[in-house]
Amino acid sequence: MSLESFFNPKSVAIVGASRKKGKVGYEILHHMVSSGFEGQVWPVNRSSEEIEGLKCYPDLASIGQTPELVIVIVPAKFVLGVMEECAAIGTKSVIIITAGFKEIGEEGKKLEDEIVRVARRSGIRIIGPNCLGVIVTASKLNASFGGKLPDPGHTGYLSQSGALLAAILDTANANGIGFSSLFSIGNKADVDELDLIQALAADPNTKVIAGYLESITDGNEFVREAERISHDKPILLMKSGGTSAGAKAASSHTGSLAGSEVAYECMFARAGIIRCESITQQFDFAQAFANQPLPKGSSVVVLTNAGGAGIMAADAIERQGLSFAKLTDETIEKLKTSLPPAANFYNPVDVLGDALADRYEFALDVLLDDPNVDTVLVLLTPQAMTDAQGTAEAVVRATQAKPEKPVLACFMGASKVADGVKVFREAKIPQYESPEAAVTTIKAMADHVRWRSQPKRVVKLFPVNRRKVESIIERHLRHGLREIGEAESKEILEAYGFATPKGSIATTAEQAANIAQQLGYPVVLKIWSPDILHKSDVGGVKVGLKSAKEVKDAFDLMMYRIPKKEPNAHILGVLVQEMCRSGREVILGMHRDPHFGPLMMFGMGGIMVEVLKDVAFYLAPLTGEEAKQMLVKTKTYQLLKGVRGQEGVDIETIAEGLQRLSQLVTEFPQIQEMDINPYVVGVPGTTAIAVDARISVEK
Ligand code: ADP
Ligand code: MG
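Numbering that gives the first Met the number 0 puts the first residue of the sequence shown at 0, with every later residue one more than the last.
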């Protein structure tokens, strides 16, 4: 069902409109009338004849026509009745401002469910309850009590917090920042964040979708849709609740390092969503994304009248990993023809402290022609002769004459540059408080361009033995076992093409020595118990055993010591394992996030993984490129590539391991968490080995 009537209704009824100033019912009616809305407005209130010069009706039916949109402000206990009235007269779009529903507990939740039931039955869409309302500048619809109608603009905003929306609106109005629309989604009983993002994606007045979210209703659907929409309209989100409180006690390393914060990071990365750290930053980004073209690449030129400001910008460019545009000889020659000889003709181009508008206009015009320049950052500090307003007008002229490349401005200072800033605001040239804020914005734009230009994601499928894995998992679940231990985890991994060390279980010292004999020395002994998750922690791993005597001694020692340390652990014996060739130890893991599905992890492995926390996450299923990017993100990557003359290890093998693991966890949603730690990798040409693994499953 379309949300069109929330954007551009021809008629609006306000149920609970009031003549008392300060009441929400008054504020909304007043905003509707004073913002210049051109459709019909019908106040509904039993105890008034007329409000704000409009005839007032006792109920919806008395209007005699069907309002396209109904705004509900009456107390919670009357809302259900109003919904029934809407159903009876055929209204299909309702905004429920009233609070006192799900957010107050069980009682409120019941009422909210009732309301949704009426809506579903009658084909009504609801925004709210417990929200601030809706503002759409193109139709001059201000169905909110948040504040006055903002200027028209290209940013569509949705917020899960009404109070925050009020602050955003106030900031926007004070600074003349425009919006296409603002939606307060409240309890999202019916219309949720995804519905609105989809509606904004289809709205011709919206170029950028921005929002503040606390939760996401359907993670999988959200990722899929956001990824599609991001190719067309940038999505800028603030997400609160960035803690790992949601992660329940995890038994795997991956589980304990993942958390809801990591899940959101992964989801944003996949879907191309641009994350904003604060409201200020969101305004910064929105201004540029909504009003400037995207850059072709990541090289930036700085145009300034002050050396210091130029250096600050240059530092920020370097820190953010953008590139500093190398101007062509032709550009430099051209600059020399008109700028004073003392000017700097290289990036940052310094037109000197006494520069007036003409130098800026000339230089900007030349720089915009340089093929090595993707973005221009114009800086100005107010010096004795500076004409901020004239310079801003010159920048606007030059930019409008060559509108293909983004131009961002940073006129530093306050009162002396205020007139210039005003010019930028009107001409929609984004203006920043500091060079750093401008550069951070350019970085967000360049990253987004890179995200958009990625080749289509192709996930490779390996031939595997699914049957085998299915039977192991089924058997565990049938017996109510959640943890799959090392031996059977390895069978699962072998079925998905991983190599594992040979070995068998021994229950006596004698047997252990016999197995070691067959495997060939040296061997490794590991305690074998479903209750011991991290074997080294209890002295349950002994490597490099070179003789039958060493094996027997190690066996006896483990059987003597471990039961003392872990009196409740059920000890079944020991695993005697061949000793792997040495190599780098990395960890490959997965933690299944309840909202977004499998989060793959790669990092520095072995027993230090949780101490060093040098790990990277990404959402499965992984493409080859994504698997490699995960490696590159860690510091371990430098070690893996080889440092100081040491030969590097086989990077491709690790990336393939991650992809195989990604296939396993995608094909088996029963797997909740798993670690391969360590995954031992050697130089190219050798086989990587999954030395230790653990998997936990759930129905
Ligand atoms: P846990 O993680 O439960 O403590 P692991 O099986 O991962 O036990 O063993 C701990 C460490 O012992 C590994 O990180 C690795 O360094 C070493 N190790 C274990 N098994 C082998 C093996 N078969 N070959 C070589 N080294 C091993
Ligand atoms: Mg281990």
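Note that the Cβ used here is the ideal one computed from N, Cα and C, for glycine as well. Only a predicted model underlies this, so the values are computations on that prediction, with no experimental measurement involved.
Local Cβ density within 10 Å of residue i, reported as buried at 16 or more and exposed below that
| i | result |
| --- | --- |
| L460 | exposed |
| E360 | buried |
| H447 | buried |
| V457 | exposed |
| K325 | exposed |
| H478 | exposed |
| A244 | A caution first: A244 carries a pLDDT of 45, below 50, which makes its placement in the model unreliable, though a value can still be read off. Counting Cβ neighbours within 10 Å, A244 comes out exposed, since fewer than 16 surround it. |
| V642 | exposed |
| E600 | Before going further, note that residue 600 is Met rather than Glu in the sequence given. With 16 or more other Cβ atoms within 10 Å, it is buried. |
| T242 | In this predicted model, T242 has a pLDDT of only 48, less than 50, meaning its place in the structure is not dependable; the value taken from the coordinates is given anyway. T242 should be labelled exposed. |
| H569 | exposed |
| M607 | exposed |
| T499 | buried |
| T136 | buried |
| P683 | exposed |
| L338 | buried |
| P405 | buried |
| N567 | exposed |
| R227 | exposed |
| V610 | exposed |
| L236 | buried |
Secondary structure of residue i, DSSP reduced to three states
| i | result |
| --- | --- |
| A619 | coil |
| V700 | Here the chain covers residues 0 to 698 and nothing more, so residue 700 does not appear. |
| A689 | strand |
| R449 | helix |
| A246 | In this predicted model, A246 has a pLDDT of only 43, less than 50, meaning its place in the structure is not dependable enough to derive any value. |
| M599 | strand |
| L574 | strand |
| Y25 | helix |
| P562 | helix |
| E625 | helix |
| S503 | strand |
| F344 | coil |
| E482 | strand |
| R643 | coil |
| L460 | coil |
| K730 | There is no way to answer for residue 730, as the model of the chain reaches only from 0 to 698. |
| Y705 | For residue 705 there is no data in the structure shown, the boundaries of the chain being 0 and 698. |
| K187 | coil |
| M82 | helix |
| Y211 | strand |
| L293 | coil |
Rounded distance between the beta-carbons of residue j and residue i, thought under 8 Å
| i | j | result |
| --- | --- | --- |
| A308 | M384 | The pair is not a contact, with the Cβ atoms about 16 Å apart (cut-off 8 Å). |
| V726 | I126 | Because the chain in this structure spans residues 0 to 698, residue 726 falls outside the shown range and cannot be described. |
| G681 | D649 | 7 Å |
| L181 | E220 | With 8 Å as the limit, L181 and E220 do not qualify as a contact, their Cβ atoms being about 24 Å apart. |
| G24 | G15 | 5 Å |
| A705 | S229 | Residue coverage of the chain in this structure runs from 0 to 698, which leaves residue 705 outside it and unanswerable. |
| I653 | G588 | In fact, because the Cβ distance is near 13 Å, the residues do not count as touching under 8 Å. |
Beta-carbon contacts of residue i that lie in its chain and below 7 Å, excluding the five residues immediately before and after
| i | result |
| --- | --- |
| D552 | none |
| D231 | A200 |
| A706 | Shown here, the chain extends from 0 to 698; a query on residue 706 therefore has no answer. |
| H533 | none |
| V422 | Q388, A391, E392 and V395 |
| S297 | L321, S322, D373 and A445 |
| E707 | Not covered by the structure: residue 707. The range shown for the chain is 0 to 698. |
| I316 | V299, F323 and V438 |
| I694 | I483, S488, I491, I670 and M673 |
| G582 | V648, V679, V680 and G681 |
Contacts around residue i, its chain only, beta-carbon distance under 6 Å, and the 5 residues preceding and following it disregarded
| i | result |
| --- | --- |
| G389 | A356 |
| H590 | T253, G254, A257, L598 and E672 |
| R424 | G175 |
| V372 | V300, A324 and L366 |
| D283 | A436 and T440 |
| R45 | P57 |
| F288 | V207 and P233 |
| A505 | A511, I514, G572, V573 and V575 |
Min CB distance residue i to chain E below 8 Å
| i | result |
| --- | --- |
| K632 | Going by chain labels, chain E is absent from the structure shown, which holds only one protein chain. |
Contacts around residue i, its chain only, beta-carbon distance under 8 Å, and the 5 residues preceding and following it disregarded
| i | result |
| --- | --- |
| K108 | F100 and K101 |
| E224 | L193, I196 and Q197 |
Legend entry - Pocket of the ligand MG (residues with CB nearer than 5 Å to any heavy atom), chain order: N676 and D691
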